[in-house]
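Residue numbering for the sequence shown follows our numbering, beginning at 68 and increasing consecutively.
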Amino acid sequence: MNIFGIGLPEMALIMIVALLIFGPKKLPEIGRSMGKAVRGFQEASKEFENEFKREAEQIEQAVQTTAQLEPKQIAAAETSENNTASSQ
């Protein structure tokens with residue numbers, strides 16, 4: 068078991084030190100607040116990831132649209148140049 072690079076012995080030591088510092092009555096409250104903080108961080112990171120994916124998809128669609136339109140615009144420009152050159 069390895070959470071945040073901390074193994075089981077390190078976690079046990081941290082819990083013992085926390086128990087000695089805060090006492091058995093305060094420890095559950097601290098655990099709940101830590102759990103809420105971690106949950107909030109996870110939700111924020113998921114939201115950021117989803118926003119990033121949406122933006123990447125929009126950029127990809129814009130690139131694909133540009134790639135589809137560009138040859139048509141080049142052909143239209145060449146056609147108008149040829150028409151202009153032949154009329155002179």
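For each residue, glycine too, the CB sits at the ideal point set by N, CA and C. Since this is a predicted model, take the numbers as computed values, not measurements.
Query, Result
"Cβ atoms of A85 and L75: under 8 Å apart, would you say?", "no"
"Express the C-alpha separation of K113 and E122 in angstroms, rounding to a whole number.", "14 Å"
"Measure the C-alpha to C-alpha separation of A104 and F119 and round it to an integer number of angstroms.", "22 Å"
"Taking a contact to mean a Cβ-Cβ separation below 8 Å, would you say I83 touches F89 in this structure?", "no"
"Quick check: what's the CA-CA separation for K139 versus E124?", "23 Å"
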